[in-house]
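*Asks:*
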Ligand SMILES: [Zn+2]
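Numbering (this note's numbering), first residue to last: 4 to 196.
(1) For residue 27, which of 19, 65, 50 has the nearest alpha-carbon?
(2) Pick helix, strand or coil for residue 70, following the three-state DSSP scheme.
(3) Strictly by DSSP, which residues pair up with residue 159?
(4) Spatial neighbours of residue 68 within its chain, please: CB distance less than 7 angstroms, with the 5 preceding and 5 following residues excluded, ordered by chain position.
(5) Can you tell which of 36, 49, 85 has the C-alpha that lies nearest to the C-alpha of residue 159?
(6) Cβ of residue 52 less than 9 angstroms from any chain B Cβ?
(7) Examine the Cβ distances between the region 136–150 and the region 32–44 and report whether three or more of them are shorter than 8 angstroms.
(8) Exposed or buried, what is residue 56 when buried is set at 16 or more other beta-carbons lying within 10 Å of its beta-carbon?
(9) Should residue 80 be labelled buried (16 or more other beta-carbon atoms within 10 Å of its own) or exposed?
(10) Just to confirm the assignment, what range does the beta strand (DSSP E) spanning residue 131 have?
(11) With a Cβ-Cβ cutoff of 9 angstroms, do residue 170 and residue 152 count as a contact?
(12) Run through DSSP, which three-state label would residue 21 get?
(13) Are the Cβ atoms of residue 50 and residue 157 separated by less than 9 angstroms?
(14) Starting from the C-beta of residue 110, find all residues in its chain whose C-beta is less than 6 angstroms away, skip the five residues before and the five after it, and write them out in chain order.
(15) Whole angstroms is fine: what's the gap from residue 54's alpha carbon to residue 124's?
(16) In the region 35–84, which residue ranges form an unbroken beta strand (DSSP E) of at least 3 residues, counting only runs that do not cross its ends?
(17) So does residue 27 have its beta carbon nearer than 8 angstroms to some heavy atom of ligand 1?
(18) Do residue 8 and residue 143 have their beta-carbon atoms positioned less than 9 angstroms apart in this structure?
Right, here's the structure in full:
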């Protein structure tokens, strides 16, 4: 199956310079070359009573490095995550493959609700955005997702302590201090989306 590609939406631009991410956070590889597959993850925070979100952390990572990071997960953790995903996707009554109709696909609408529980992200304190990319396009075969805070928590509960340690170690090495600390420093960096 070939990739369904669309332009990279603003939501997945880097806050650092307001442009698409161009290098892998781990290996520094150029991401904007056609055929280079990568993942972007952003953690967003809402402010009660205000209609904007700020980015708590963000990164782009090439598939090779992303897979290496996932190898840090224990088999049990990996299995738990897959089961969780499957269970919710089955509950939603879709087959987990192609879940979007490209004719009517509205990205802003799609990302305005938690992929798993459909709760609007505007009603949350925190949420994550994650998407897959190829060069200077977004890949819709694996649709981008907004993941709500309650799902993030449920997922974290499925990970073993060892996996959490490994993931946190990886994060800190490449992304700096944990978001809770970083947030104190980034409060002035409010981004309108
Ligand atoms: Zn890389």
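Don't be surprised by glycine CBs; every beta carbon is placed ideally from N, CA and C.
*Replies:* Let me spell this out:
(1) Cα-wise, what sits closest to residue 27 is 65.
(2) DSSP places residue 70 in helix when its eight states are reduced to three.
(3) Looking at the DSSP assignment, residue 159 forms no beta bridge with any residue, so it has no partner.
(4) If we look at residue 68 and ignore the five residues flanking it on each side, its Cβ neighbours are 27, 29, 30.
(5) Checked all of 36, 49, 85; the closest Cα to residue 159 is 85.
(6) Although the question refers to chain B, the structure presented lacks it and comprises just one protein chain.
(7) Note that the region 136–150 touches the region 32–44; at least 3 beta-carbon pairs, one per stretch, sit closer than 8 angstroms.
(8) The residue is buried, with at least 16 neighbouring Cβ atoms inside 10 Å.
(9) Within a 10 Å sphere around the beta-carbon of residue 80 sit 16 or more other beta-carbons, which makes this residue buried.
(10) Judged by DSSP secondary structure, residue 131 falls within the beta strand (DSSP E) whose first and last residues are 129–137.
(11) No, the Cβ-Cβ distance between residue 170 and residue 152 is not below 9 angstroms.
(12) Looking at residue 21 - three-state DSSP - the assignment turns out to be coil, as it is neither helix nor strand.
(13) Not closer than 9 angstroms, so no.
(14) Around residue 110: 12.
(15) Going by C-alpha positions, residue 54 is about 11 angstroms away from residue 124.
(16) List check, beta strand (DSSP E) in window: 40–49, 56–65.
(17) Look at residue 27: its beta carbon is less than 8 angstroms from one of the heavy atoms in ligand 1.
(18) Yes, the Cβ-Cβ distance between residue 143 and residue 8 is below 9 angstroms.
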